[in-house]
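Protein sequences, first through last, are from chains A and B. Add 200 to a position in the first sequence, counting from 1, and you land on the number used in our numbering. Add 200 to a position in the second sequence, counting from 1, and you land on the number used in our numbering.
2 protein chains.
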Amino acid sequence: MNFKISKKELLDALNKAVRAISTTTPLPSLSGIKLEIKKDSITLISSDSNISIKTVLTNNDKEVFTVQEEGDIVIDSRYILEIVRKIDSDAITFETIDGTLIRIYGGNSEFKLNCMRAEEYPEINFAVNGEPFKFETEKFFDIIDETAFACSDKDTRPILTGVNFKAEDGKLYVNATDSYRLASKTVDVDKDLDFNITIPSVYLNDVYHSLSLEKEIEIAIDNQKISFIFDDSLIQTRLLDDIFPDVSKLIPTNLLQKVTVKSRDLLNALDRTSFIKSDGKNIVKLSINEKEIDITSSNQIGSSYENIDVISFEGQPFEISCSGKYLVDAIKAVGSDEVTLSFSGELKPFIVTNKEDDSIIQLISPVRTYK
Amino acid sequence: MNFKISKKELLDALNKAVRAISTTTPLPSLSGIKLEIKKDSITLISSDSNISIKTVLTNNDKEVFTVQEEGDIVIDSRYILEIVRKIDSDAITFETIDGTLIRIYGGNSEFKLNCMRAEEYPEINFAVNGEPFKFETEKFFDIIDETAFACSDKDTRPILTGVNFKAEDGKLYVNATDSYRLASKTVDVDKDLDFNITIPSVYLNDVYHSLSLEKEIEIAIDNQKISFIFDDSLIQTRLLDDIFPDVSKLIPTNLLQKVTVKSRDLLNALDRTSFIKSDGKNIVKLSINEKEIDITSSNQIGSSYENIDVISFEGQPFEISCSGKYLVDAIKAVGSDEVTLSFSGELKPFIVTNKEDDSIIQLISPVRTYK
Numbered sequence: 201m202n203f204k205i206s207k208k209e210l211l212d213a214l215n216k217a218v219r220a221i222s223t224t225t226p227l228p229s230l231s232g233i234k235l236e237i238k239k240d241s242i243t244l245i246s247s248d249s250n251i252s253i254k255t256v257l258t259n260n261d262k263e264v265f266t267v268q269e270e271g272d273i274v275i276d277s278r279y280i281l282e283i284v285r286k287i288d289s290d291a292i293t294f295e296t297i298d299g300t301l302i303r304i305y306g307g308n309s310e311f312k313l314n315c316m317r318a319e320e321y322p323e324i325n326f327a328v329n330g331e332p333f334k335f336e337t338e339k340f341f342d343i344i345d346e347t348a349f350a351c352s353d354k355d356t357r358p359i360l361t362g363v364n365f366k367a368e369d370g371k372l373y374v375n376a377t378d379s380y381r382l383a384s385k386t387v388d389v390d391k392d393l394d395f396n397i398t399i400p401s402v403y404l405n406d407v408y409h410s411l412s413l414e415k416e417i418e419i420a421i422d423n424q425k426i427s428f429i430f431d432d433s434l435i436q437t438r439l440l441d442d443i444f445p446d447v448s449k450l451i452p453t454n455l456l457q458k459v460t461v462k463s464r465d466l467l468n469a470l471d472r473t474s475f476i477k478s479d480g481k482n483i484v485k486l487s488i489n490e491k492e493i494d495i496t497s498s499n500q501i502g503s504s505y506e507n508i509d510v511i512s513f514e515g516q517p518f519e520i521s522c523s524g525k526y527l528v529d530a531i532k533a534v535g536s537d538e539v540t541l542s543f544s545g546e547l548k549p550f551i552v553t554n555k556e557d558d559s560i561i562q563l564i565s566p567v568r569t570y571k
Numbered sequence: 201m202n203f204k205i206s207k208k209e210l211l212d213a214l215n216k217a218v219r220a221i222s223t224t225t226p227l228p229s230l231s232g233i234k235l236e237i238k239k240d241s242i243t244l245i246s247s248d249s250n251i252s253i254k255t256v257l258t259n260n261d262k263e264v265f266t267v268q269e270e271g272d273i274v275i276d277s278r279y280i281l282e283i284v285r286k287i288d289s290d291a292i293t294f295e296t297i298d299g300t301l302i303r304i305y306g307g308n309s310e311f312k313l314n315c316m317r318a319e320e321y322p323e324i325n326f327a328v329n330g331e332p333f334k335f336e337t338e339k340f341f342d343i344i345d346e347t348a349f350a351c352s353d354k355d356t357r358p359i360l361t362g363v364n365f366k367a368e369d370g371k372l373y374v375n376a377t378d379s380y381r382l383a384s385k386t387v388d389v390d391k392d393l394d395f396n397i398t399i400p401s402v403y404l405n406d407v408y409h410s411l412s413l414e415k416e417i418e419i420a421i422d423n424q425k426i427s428f429i430f431d432d433s434l435i436q437t438r439l440l441d442d443i444f445p446d447v448s449k450l451i452p453t454n455l456l457q458k459v460t461v462k463s464r465d466l467l468n469a470l471d472r473t474s475f476i477k478s479d480g481k482n483i484v485k486l487s488i489n490e491k492e493i494d495i496t497s498s499n500q501i502g503s504s505y506e507n508i509d510v511i512s513f514e515g516q517p518f519e520i521s522c523s524g525k526y527l528v529d530a531i532k533a534v535g536s537d538e539v540t541l542s543f544s545g546e547l548k549p550f551i552v553t554n555k556e557d558d559s560i561i562q563l564i565s566p567v568r569t570y571k
């Protein structure tokens with residue numbers, strides 16, 4: 201193996217590749233990145249067996265590399281990333297010295313590394329099953345921003361650690377819930393699309409951060425995995441195979457009160473009280489009437505009292521308590537200057553919405569408090 | 201107790217005060233800040249019994265506060281800092297509701313806090329013994345930057361966790377060592393000064409970050425403690441009472457080789473190899489001749505080779521190994537465009553200096569390596 205490659209292009213590909221590296225992999229070779237060097241392509245492969253990433257660099261658009269000798273090798277991901285990041289040169293040369301000992305050099309720097317043979321790396325099945333369809337990258341980013349935070353971070357019900365994507369009749373319904381709150385987004389899609397899958401949020405996050413700012417990505421889905429195809433890369437993650445709960449009936453329709461406030465006012469007030477915690481949780485009580493919302497929070501050390509103006513109010517004055525953090529997350533996800541909270545009873549979940557965009561609904565369960 | 205105070209001035213004083221708060225204090229009241237409210241002064245006191253800080257706010261220069269009712273109270277340091285930081289108002293009012301329950305309000309926010317009685321706070325002796333002398337703040341900052349990093353972070357020899365300040369015959373000798381390296385600084389001071397003290401580096405760091413940018417501070421020293429007086433604050437820290445080793449004889453005078461390079465070149469080369477570690481340490485071997493320094497570093501996974509140009513060289517070519525991190529720290533402390541390394545043998549400590557400023561010397565012990 202002997203090739204010279206642009207530092208920038210290699211570093212971009214490596215930064216993508218390391219997203220699939222787990223520090224706790226039981227298989228030593230999976231802590232490495234596999235490089236397949238061919239005359240006219242350089243392929244980087246990484247996987248933690250749940251998420252796998254393949255990037256194929258070519259010289260089609262511009263001269264990225266020159267290959268003197270073909271070959272395959274597996275290089276420790278931390279070492280190759282540090283070396284390529286730190287070499288002070290536009291081009292970096294890799295060459296085999298002897299078996300798995302390789303030399304990497306550029307500028308005034310030279311590194312020798314003991315690597316692993318490509319044969320030790322497991323075969324990763326990158327077959328793309330299912331018909332690929334195009335999806336706007338921007339829209340994909342929005343969906344993740346608006347839903348993924350609401351997933352459960354506990355393994356007690358594994359299906360809730362994922363974001364559910366269900367396409368039918370020209371609509372894509374995206375839902376995430378930890379059973380105390382629900383983030384729900386609906387967008388229009390092609391009428392032919394028909395699937396119901398749940399993607400682990402931790403891998404969805406890796407995909408999110410790997411995506412470039414291309415206008416569109418291609419997505420292909422089969423029963424076991426989802427493929428994201430963009431630029432010169434293919435990312436595949438496994439799906440959760442349990443059935444996602446039917447959350448459509450959770451959203452209340454019989455709304456008794458509806459209050460609209462400036463998002464900024466409510467966020468600032470909640471932020472000021474956020475340090476008042478009991479058992480690690482910041483619980484706020486909202487007392488709502490046609491003029492104002494009083495926000496109180498207390499624990500054994502102290503209490504806080506905030507007061508914000510209401511823009512509009514329908515219904516009877518009342519009180520409800522909930523997690524301050526969940527309310528902050530929901531307002532941020534809804535993302536607009538004004539935010540509307542709608543209630544159907546003191547002990548029933550309430551919804552957080554935005555007048556201008558009805559595609560996104562955040563649902564929060566109240567907390568019972570004792571005076 | 202009832203007073204109204206400028207948020208900015210109070211926040212500045214609180215940020216200073218929390219530097220003396222330890223999270224692991226055995227005495228509950230020491231997790232609080234003591235406030236003494238008098239008609240014409242507001243005093244903040246904090247201490248972890250090793251370092252103590254007192255700040256006295258007055259209305260002498262400008263109107264900072266108005267006091268309706270005098271009183272003393274001890275407020276949990278985290279809560280008061282969060283509350284004052286977050287209240288959205290230029291002025292904040294504190295008032296006693298009932299016993300130790302106080303109300304803090306400003307803007308649209310109101311907090312109630314359960315505090316501690318001032319009687320529960322231990323008596324802190326802030327008496328300043330010893331004749332105070334003035335010291336340039338800038339010079340004090342430089343001294344700390346150039347020496348304190350070299351202190352030991354282990355408790356095996358407690359005296360080495362401090363920076364030694366010894367004044368005699370118009371010179372102040374400042375030394376810090378972990379027994380593998382030594383940072384040594386000498387500055388001119390008033391001839392009358394005569395002391396030999398060792399200040400724990402952790403408290404010196406607190407003092408460093410509390411100092412304002414006034415031109416001068418006042419310092420007073422007695423056998424047990426050192427006082428720093430500036431602005432409206434007094435900081436006292438205890439001294440280490442063991443005898444600091446005599447390090448003056450460690451600095452070699454019989455220099456066989458002397459090499460000068462660009463600091464930036466050497467720092468960059470060392471940075472590139474810094475990830476190659478054995479047992480958590482990055483050991484570099486320097487091979488020096490009249491033209492260049494070769495820097496090699498290796499462990500079981502790989503090796504690096506760097507090469508930098510020499511500006512000047514005296515003596516015979518030779519090799520020496522040392523901690524890459526210690527060398528980086530020393531070059532940064534010496535702080536100049538060019539740096540000179542002077543050697544007196546392969547297994548003897550070598551010195552790192554800067555042609556333009558002979559007040560600062562860094563000494564590093566070599567490491568024995570096996571090929």
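The C-beta atom is built at its ideal place from N, Cα and C for all residues, glycine as well. Computed from a predicted structure; not experimentally measured.
A contact is defined here as three or more CB-CB pairs under 8 angstroms, and the region 217 to 231 of chain A fails this definition with respect to the region 296 to 305 of chain A.
In the DSSP secondary-structure assignment, residue 557/B is bridged to 554/B.
Collapsing the DSSP output to three states places residue 296/A in a strand. Around the beta carbon of residue 523/B, 16 or more other beta carbons lie within 10 angstroms, which makes this residue buried.
Taking 8 angstroms as the upper bound for CB-CB distance, residue 382/B and residue 350/B are in contact here, some 6 angstroms apart. The Cβ of residue 254/A sits no closer than 9 angstroms to any Cβ of chain B.
Taking a Cβ-Cβ threshold of 9 angstroms, the residues of chain A close to residue 309/B are 469, 472, 473, 504, 505, 506, 507, in chain order. Partner residues in the beta bridge of residue 304/A, as assigned by DSSP, are 294/A, 311/A. Just so you know, the alpha carbons of residue 551/A and residue 285/B end up roughly 31 angstroms apart. The beta carbons of residue 238/B and residue 209/B sit no closer together than 9 angstroms. Chain A places no beta carbon closer than 9 angstroms to that of residue 463/B, leaving this residue out of the contacts. Under DSSP, residue 381/B forms a beta bridge with 564/B.
Residues 528, 531 of the same chain have their beta carbon placed closer than 7 angstroms to that of residue 467/B, with the five preceding and five following residues left out of the count. For the pair residue 348/B and residue 449/B, the Cα-to-Cα distance works out to about 20 angstroms.
For the 9 angstroms CB-CB criterion, residue 207/B and residue 306/B form a contact. Residue contact check for residue 314/B against chain A: a CB pair falls below 9 angstroms.
Residue 212/A and residue 474/B have their C-alpha atoms some 22 angstroms from each other. Under the three-state reduction of DSSP, residue 410/B is assigned to helix. It is roughly 15 angstroms from the alpha-carbon of residue 401/B to the alpha-carbon of residue 427/B.
Contacts with chain A at 9 angstroms (Cβ-Cβ) include residue 287/B. Look at residue 457/A: its C-beta is not under 9 angstroms from any C-beta on chain B. Pairing residue 457/A with residue 478/A gives a Cβ-Cβ distance that is not under 9 angstroms. Residue 367/A places its beta carbon less than 9 angstroms from that of residue 396/A. Cβ-Cβ separation between residue 538/A and residue 487/A: approximately 20 angstroms, too far for a contact (criterion under 8 angstroms). Assigned with DSSP and collapsed to three states, residue 252/B falls in strand. Chain-ordered, the chain B residues with CB closer than 7 angstroms to the CB of residue 501/A read 276, 279, 313, 314. A direct Cα-Cα distance of roughly 28 angstroms separates residue 554/B from residue 287/A.
Residue 215/A: member of the alpha helix (DSSP H) spanning 207 to 217, first to last residue. Residues of chain A whose Cβ lies closer than 7 angstroms to the Cβ of residue 282/B are, in chain order, 475. By the criterion of a C-beta distance shorter than 6 angstroms, residue 412/B is surrounded in its chain by 431, once the five residues flanking it on both sides are discounted. By the rule that beta-carbons nearer than 9 angstroms mark a contact, residue 231/B does not touch chain A.
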